[in-house]
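Participant: Have a look at this one.
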Amino acid sequence: MNTTLSKNYEPGQVEESWYAHWEHKGYFKSTPDDRPPFTVVIPPPNVTGVLHMGHTLNETVQDVLVRHARMSGFNACWVPGSDHASIATEAKVVQMLEKEKGIKKSELTRREFLKYAFEWKEKYGGIIYHQIKKLGCSVDWSRVTFTMDDHYYEAVIKVFVDLYDKGLIYRGARMINWDPAAKTALSDEEVEYKDVTGTLYYVRYRVENSDEYITIATQRPETIMGDTAVCVNPADERYAHLKGKRIIVPLVNRAVPIIFDEYVDPAFGTGALKVTPAHDINDYNLGLKHGLPTIDTLNEDGTLSAAAEVFVGMDRFEARKAAVAQLKADGALVKEEEYSTRLGYSQRSSAVVEPRISTQWFVKMQHFAGLALDAVSSGDVKIHPEERFLATYKYWLENIKDWCISRQLWWGQRIPAWYAPDGSFVVAETREAAFAKFQEKSAAPGSRLTADDLRQDEDVLDTWFSSWLWPIEVFNGIVDPGNKDIEYYYPTNVLVTGQDIIFFWVARMIMAGMEYKQQRPFEHVYFTGMVRDKQGRKMSKSLGNSPDLLDLIDRFGADAVRFGILISSPAGNDLLFDDSSCEQGRNFNNKLWNALKLVKMWEGRQSDTAATEPHFAVEWFGQRLAQVKAQVAELYKGFRLSEALKTIYSLIWDDFCSWYLEWAKPGYEQPIDRAVYQQTVAYFSELMQLLHPFMPFITEEIYHKLADRSDDLCVKQFVPAGAVDNARIAQGTLLQEAISALRDARVKNNIKPKDPITLSIQSEGATAFEAISAILGKQVNADVQFVSEAVAGSIAVVVGTHKLYISTEQAVDASVQKEQLLKDLEYQQGFLASVEKKLNNERFVQNAKPEVVEAERKKQSDAQEKIEALQKSLSLLD
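The UniProt record's numbering applies: residue 1 is where the sequence shown begins, and numbers increase by one.
Here it is as structure tokens:
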């Protein structure tokens with residue numbers, strides 16, 4: 001045995017050295033040339049984070065596609081980068097400053113805070129890139145982009161100004177989603193709704209100047225102080241006599257009108273609704289309709305404001321308890337009951353979101369929704385898997401709301417709106433441009449306004465307002481729209497991302513691409529599934545069920561982790577992941593390594609005279625390899641990568657390792673035909689090339705261990721699959737079935753593997769066995785002969801429609817044979833019945849594809865032939 005090969009495959013050193021080699025060779029770096037481009041932009045992970053298992057799946061899928069494209073003649077360009085993640089990063093920096101330096105954000109100027117933020121980014125931002133390298137991702141590191149890079153910042157500002165000038169961005173006071181923990185507005189898409197069990201409080205409101213009460217049910221008694229009306233349905237006779245009356249708001253004893261509106265459902269609850277315009281979108285709309293005042297009882301941090309009059313400064317949930325206690329003391333609380341409801345949570349901070357009236361910046365979305373709908377409906381952008389996500393995509397766009405894009409933060413692109421002391425404003429890219437606009441619109445010739453008088457908007461833009469430009473601006477396509485990179489690489493080929501950001505990001509990138517390049521940003525969108533643990537729970541830090549990627553790589557190796565995540569991942573569907581799939585990947589690595597050691601053992605035993613004719617195993621495996629290459633090519637087209645990996649895995653583990661190497665290997669201390677050895681090395685090398693996009697490290701290592709190479713597998717070009725000889729493949733399948741059946745018969749009849757037997761083959765298609773009889777005899781330790789009739793006193797074995805007879809010196813128990821034949825007959829009869837049930841179904845025959853019906857008829861014919869052969873064998877025993 002070649003002593004230079006370790007007992008088991010050891011990934012650690014191998015992976016590190018090969019990645020360094022590929023980088024040194026510049027294989028991942030792309031520049032425009034004459035080849036067709038294959039462009040992928042990485043969904044930029046938050047600069048705050050580390051790769052979780054969802055990222056691991058996503059990056060692995062992208063790397064498989066990119067490596068496959070690179071090996072298929074494309075100029076593959078995979079652009080890495082990260083997102084500044086305004087809310088999450090600012091929260092991290094604030095926490096760091098308070099914990100490590102004892103500094104509050106409020107004690108810093110904006111410039112000072114941003115200095116700390118960029119220092120934090122430089123310290124922690126590279127962690128995720130290290131993980132991407134460890135996973136083996138073949139990204140172009142010369143193109144790393146960050147959404148706060150100078151050119152990217154400039155691009156975001158240019159787009160804001162352009163859309164404002166087009167009338168597609170506006171500023172206004174509207175009901176928005178407010179995150180009290182992050183103290184910022186959120187878009188509708190950043191609110192995650194969960195079903196929760198809460199409490200419904202029934203509270204008595206006294207009609208002014210009377211002893212009459214109206215009972216109202218509320219989930220949020222801490223907002224009672226913001227009530228400005230009570231609403232009932234005009235058709236509700238219970239309250240008709242109260243028209244024109246007022247009612248006293250508990251806790252603050254404020255008199256407010258009783259209003260009548262059909263919005264209220266008389267059959268729901270008590271039929272009466274408290275109206276709090278500042279804290280509910282529906283109440284807000286009622287308030288607008290009836291001219292009600294708005295009383296905002298909450299501060300931006302979720303504590304009660306001075307406008308609440310009571311419980312001022314108390315946290316909203318503590319105020320709820322205090323309000324309930326006071327209502328009980330006042331005799332105003334009628335009852336409490338459990339209540340199931342949906343509550344909105346911030347995806348950024350997990351805080352319960354508050355509806356709030358606020359002046360913010362918005363993008364008008366109807367125009368953009370049309371662009372994004374047309375791109376997908378026309379097939380210009382193709383979604384995979386279409387059946388799962390196309391309807392969802394369309395529904396959101398058809399019901400879209402304007403996009404709130406301002407955030408009350410310092411980390412991010414600052415909104416380019418400039419305010420004069422009188423409150424008027426203009427939108428411009430720079431202070432100088434803004435001052436020029438003020439001068440143009442000023443009606444007073446002697447105006448003393450100076451550029452220094454202008455104050456820029458304090459808010460920054462939503463992170464997604466920068467990342468929707470990602471496929472364009474990673475190539476500097478907004479700032480320098482005519483540069484050679486954007487002309488060559490755009491539009492990109494495929495976007496691989498998670499289904500949870502179909503609205504946040506995917507749809508918006510299509511909008512931006514159509515608006516600013518008049519082209520789709522990508523041809524295909526492939527949505528990966530959600531990674532869940534083996535109990536079906538979404539993996540998350542809070543549950544503690546998400547493994548550490550670097551730990552997995554240290555334990556199993558990057559190839560095994562890639563294998564584990566992909567083999568578990570049906571296209572677009574959620575996947576259940578645990579360590580066992582990585583163990584399967586590690587076992588596969590060792591299987592490959594053992595195959596390498598076996599082949600290397602033969603290297604010094606080659607001979608030019610060992611074989612006189614083409615070896616069946618060599619011919620058969622060449623056809624199987626061509627067949628699988630064609631199958632895998634089709635699976636790539638459909639983004640069915642898990643199926644592609646399973647197909648390759650089966651070819652290597654079963655056909656190559658379990659069958660081909662056994663058939664091709666020489667006898668003990670015998671030489672191997674040189675041509676067979678060289679073809680074995682060639683097949684092994686081609687298998688490594690086929691597997692390389694999925695498991696790049698071990699395949700490159702084995703490729704170079706098999707022979708001295710001047711090239712690298714990483715960039716070795718695929719050779720298209722040739723025509724497939726299905727007859728030769730069928731012979732190989734027959735050989736496998738015969739070997740398995742004969743070995744099984746040995747076991748059942750207590751014939752040891754080393755005991756010699758005579759194998760007699762009776763078959764109308766005896767020629768099917770002629771090419772394989774030598775291998776068959778060697779594999780089952782038998783002398784093979786062909787006969788025209790049954791062999792008396794032998795063990796009958798039926799393989800397909802062929803009858804094989806085992807003769808041995810020891811006594812044969814006919815009952816064992818009969819029992820097995822009867823089992824086989826019962827199975828075939830059941831199988832035939834299930835096939836005929838389909839074929840007797842007129843709807844199936846009429847509606848199924850012709851090739852499907854034909855396949856069922858072929859199954860019927862084969863089953864009938866097998867049944868006939870089994871019955872003949874049984875009759876001989878009788």
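Glycine included, every Cβ here is placed at the ideal spot set by N, Cα and C.
With isoleucine 405 and phenylalanine 368 assumed to form a contact (beta carbons below 8 Å), what rounded beta-carbon distance in angstroms separates them?
Facilitator: Contact flag wrong, Cβ pair sits at about 12 Å.
Participant: Straight-line CA distance for glycine 412 to leucine 57?
Facilitator: Each residue's alpha carbon lies about 28 Å from the other.
Participant: What are the boundary residues of the beta strand (DSSP E) that valine 256 is part of?
Facilitator: Start and end: 254-260.
Participant: In three-state terms, what does DSSP make of alanine 771?
Facilitator: Coil, per DSSP.
Participant: Label threonine 184 either buried or exposed according to how many other C-beta atoms from any shown protein chain fall within 10 Å of its C-beta, with 16 as the threshold for buried.
Facilitator: Buried, because 16 or more other Cβ atoms sit within 10 Å of the Cβ of threonine 184.
Participant: For asparagine 200 and alanine 217, which I take to be in contact (beta-carbon distance under 8 Å), what is that distance rounded to the nearest angstrom?
Facilitator: It is leucine, not asparagine, that sits at residue 200 in the sequence shown. About 5 Å separates the two Cβ atoms, so the contact holds.
Participant: Can you give the Cα-Cα distance for glutamate 309 and isoleucine 295, rounded to whole angstroms?
Facilitator: Those two C-alpha atoms are separated by around 11 Å.
Participant: In this structure, does DSSP put cysteine 714 in helix, strand or coil?
Facilitator: Cysteine 714: helix per DSSP, three-state reduction.
Participant: Is the distance from the Cβ of alanine 727 to the Cβ of methionine 511 below 8 Å?
Facilitator: Contact: no.
Participant: According to DSSP, is leucine 691 helix, strand or coil?
Facilitator: Leucine 691: helix per DSSP, three-state reduction.
Participant: Let me know if phenylalanine 588 comes out buried or exposed under the rule of 16 or more other beta-carbons within 10 Å of its beta-carbon.
Facilitator: Buried, since its Cβ has 16 or more Cβ neighbours within 10 Å.
Participant: Measuring only the C-alpha atoms, how far is methionine 509 from tryptophan 464?
Facilitator: Taking the straight line from one Cα to the other gives about 9 Å.
Participant: Among Leu5, Thr4, Ser6, Glu10, whose alpha-carbon lies nearest the alpha-carbon of aspartate 554?
Facilitator: That would be Glu10, whose Cα lies nearest to the Cα of aspartate 554.
Participant: Tell me threonine 528's beta-bridge partners as DSSP assigns them.
Facilitator: Answer is Gly498.
Participant: Which residue from Val852, Leu804, Cys714 puts its Cα closest to that of residue 938?
Facilitator: What the structure shows of the chain is the stretch from 1 to 878, and residue 938 is not part of that stretch, so it cannot be assessed.
Participant: How would you write the range of the beta strand (DSSP E) that threonine 341 sits in, first residue to last?
Facilitator: Counting along the chain, the beta strand (DSSP E) containing threonine 341 begins and ends at 333-346.
Participant: Using the rule of at least 16 other Cβ atoms within 10 Å of the residue's Cβ for burial, across every protein chain shown, is leucine 288 buried or exposed?
Facilitator: So leucine 288 ends up on the exposed side.
Participant: Verify whether the separation of the beta carbon atoms of arginine 143 and valine 79 is less than 8 Å.
Facilitator: It is a contact, given that the beta carbons lie within the stated cut-off.
Participant: By the three-class DSSP mapping on this structure, what secondary structure does glycine 564 have?
Facilitator: Of the three classes helix, strand and coil, the one that applies to glycine 564 here is helix, per DSSP.
Participant: According to the Cβ coordinates, are asparagine 656 and glutamine 689 closer than 8 Å?
Facilitator: Checking the displayed sequence, the identity of residue 656 turns out to be phenylalanine instead of asparagine. No. Outside cutoff.
Participant: Alpha carbon to alpha carbon, how far is asparagine 594 from aspartate 673?
Facilitator: Between asparagine 594 and aspartate 673, the C-alpha separation is close to 21 Å.
Participant: Mapping the DSSP letters down to three states, classify aspartate 783 as helix, strand or coil.
Facilitator: Strand, per DSSP.
Participant: Alpha carbon to alpha carbon, how far is threonine 48 from threonine 647?
Facilitator: Each residue's Cα considered, the two are about 38 Å apart.
Participant: For glutamate 338, which residues from the same chain have a beta carbon less than 7 Å from its beta carbon, with the 5 sequence-adjacent residues on both sides left out?
Facilitator: Contacts found: Thr197, Thr199.
Participant: Rounded to whole angstroms, what's the CA-CA distance from alanine 434 to leucine 454? Just pull it up for me.
Facilitator: Going from the Cα of alanine 434 to the Cα of leucine 454 covers about 8 Å.
Participant: Serine 86 by DSSP, collapsed to three states: which one?
Facilitator: Residue state, collapsed to three classes: helix.
Participant: Assess contact between the region 90-108 and the region 30-45, defined as three or more Cβ pairs (one per stretch) separated by less than 8 Å. Is contact present?
Facilitator: In short, these stretches do not touch, since the Cβ pair count stays below three.
Participant: Taking the CB atoms as reference points, tell me whether serine 861 and serine 807 lie closer together than 8 Å.
Facilitator: No. Outside cutoff.
Participant: Give the single residue among Leu687, Pro44, Tyr153, Gly477 whose Cα lies nearest to the Cα of alanine 626.
Facilitator: The residue with the shortest Cα to Cα distance from alanine 626 is Leu687.
Participant: Span of the alpha helix (DSSP H) holding phenylalanine 311?
Facilitator: That residue, phenylalanine 311, is in no alpha helix (DSSP H); it is neither H nor E in DSSP.
Participant: Which class does glutamine 606 belong to by DSSP, given the choice of helix, strand or coil?
Facilitator: If DSSP states are grouped into helix, strand and coil, glutamine 606 belongs with the strands.
Participant: Taking 8 Å as the cut-off, does the region 319-338 touch the region 418-429 (at least 3 CB pairs, one atom from each stretch)?
Facilitator: Contact fails: fewer than three Cβ-Cβ distances are below 8 Å.
Participant: Cutting at 8 Å between CB atoms, please list the residues of its own chain near leucine 661, excluding the five before and the five after it.
Facilitator: So the qualifying residues of the chain are Ala595, Leu598, Val599, Thr680.
Participant: Leaving aside the five residues before and after tyrosine 193 along the sequence, list all residues of the same chain whose C-beta is less than 6 Å from its C-beta, in chain order.
Facilitator: The residues are Arg342, Gly344.
Participant: Tell me the DSSP secondary structure of methionine 175 in three-state form.
Facilitator: DSSP places methionine 175 in strand when its eight states are reduced to three.
Participant: How far does the alpha helix (DSSP H) with arginine 843 in it reach, from first residue to last?
Facilitator: Counting along the chain, the alpha helix (DSSP H) containing arginine 843 begins and ends at 842-847.
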